[in-house]
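Data block below; observations after.
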Amino acid sequence: MKTILVVDDELDIVDVLSDLLTAEGYRVITASNGREGLTRIAESRPDLVLLDRMMPVVDGAEMLRLMREDPSLGGIPVVMMSAAEGRRLSQELGCAAFLKKPFDLGTLLDTVARLAGRGDREEVARS
Numbered sequence: 019m020k021t022i023l024v025v026d027d028e029l030d031i032v033d034v035l036s037d038l039l040t041a042e043g044y045r046v047i048t049a050s051n052g053r054e055g056l057t058r059i060a061e062s063r064p065d066l067v068l069l070d071r072m073m074p075v076v077d078g079a080e081m082l083r084l085m086r087e088d089p090s091l092g093g094i095p096v097v098m099m100s101a102a103e104g105r106r107l108s109q110e111l112g113c114a115a116f117l118k119k120p121f122d123l124g125t126l127l128d129t130v131a132r133l134a135g136r137g138d139r140e141e142v143a144r145s
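Following the numbering used here, the numbering of the sequence shown begins with 19 at its first residue and continues without gaps.
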């Protein structure tokens with residue numbers, strides 16, 4: 019089972035993403051800021067991180083920078099999420115993808131399946 023870390027300070031978004039991804043067969047762990055996210059990564063080594071850009075304590079850009087400085091974490095794909103435009107910044111930071119909030123749930127699920135190594139989403143949906 020693939021593990022997805024959702025890091026976002028908006029609890030409603032965390033709840034929706036957690037329920038949706040769990041229903042799709044992923045193990046989901048959550049954090050409400052970048053500092054907590056780094057702790058969760060160390061504990062669980064997720065296959066993918068869904069990371070909000072603007073958060074208190076440690077924001078998404080800083081969390082990603084700290085991840086990229088650690089060779090053991092550098093290979094974990096990160097999807098940056100933001101209501102503000104941030105596609106260029108997310109590319110500069112080395113994100114695998116950028117999703118502008120509010121995002122389409124189908125696009126989110128396709129992105130997660132592609133980056134977490136589960137390309138079978140369409141086959142599962144057709145079963």
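Yeah, the Cβ is synthetic: ideal placement off N, Cα and C, and Gly gets one too.
In chain order, what residues of the same chain lie with their CB nearer than 8 Å to the CB of residue i, ignoring the 5 residues before and after it?
i, result
"residue 57", "49"
"residue 54", "25 and 75"
"residue 103", "118"
Cα-Cα, which of the options is closest to residue i?
i, options, result
"residue 26", "72, 42 and 79", "72"
"residue 37", "123, 116 and 52", "123"
"residue 120", "39, 30 and 111", "30"
"residue 28", "19, 62 and 77", "77"
"residue 113", "32, 93 and 131", "93"
Please classify residue i as buried or exposed, where buried requires at least 16 other C-beta atoms within 10 Å of its C-beta.
i, result
"residue 100", "buried"
"residue 64", "buried"
Could you please give the first and the last residue of the uninterrupted alpha helix (DSSP H) stretch that includes residue i?
i, result
"residue 59", "52–62"
State the start and end residues of the unbroken beta strand (DSSP E) segment that holds residue i.
i, result
"residue 115", "115–118"
Have a look at the DSSP bridge pairing and note the partners of residue i.
i, result
"residue 45", "21"
Kindly list the residues whose CB is nearer than 7 Å to the CB of residue i, restricted to its own chain and excluding five residues on each side of it in sequence; keep chain order.
i, result
"residue 115", "97, 129 and 133"
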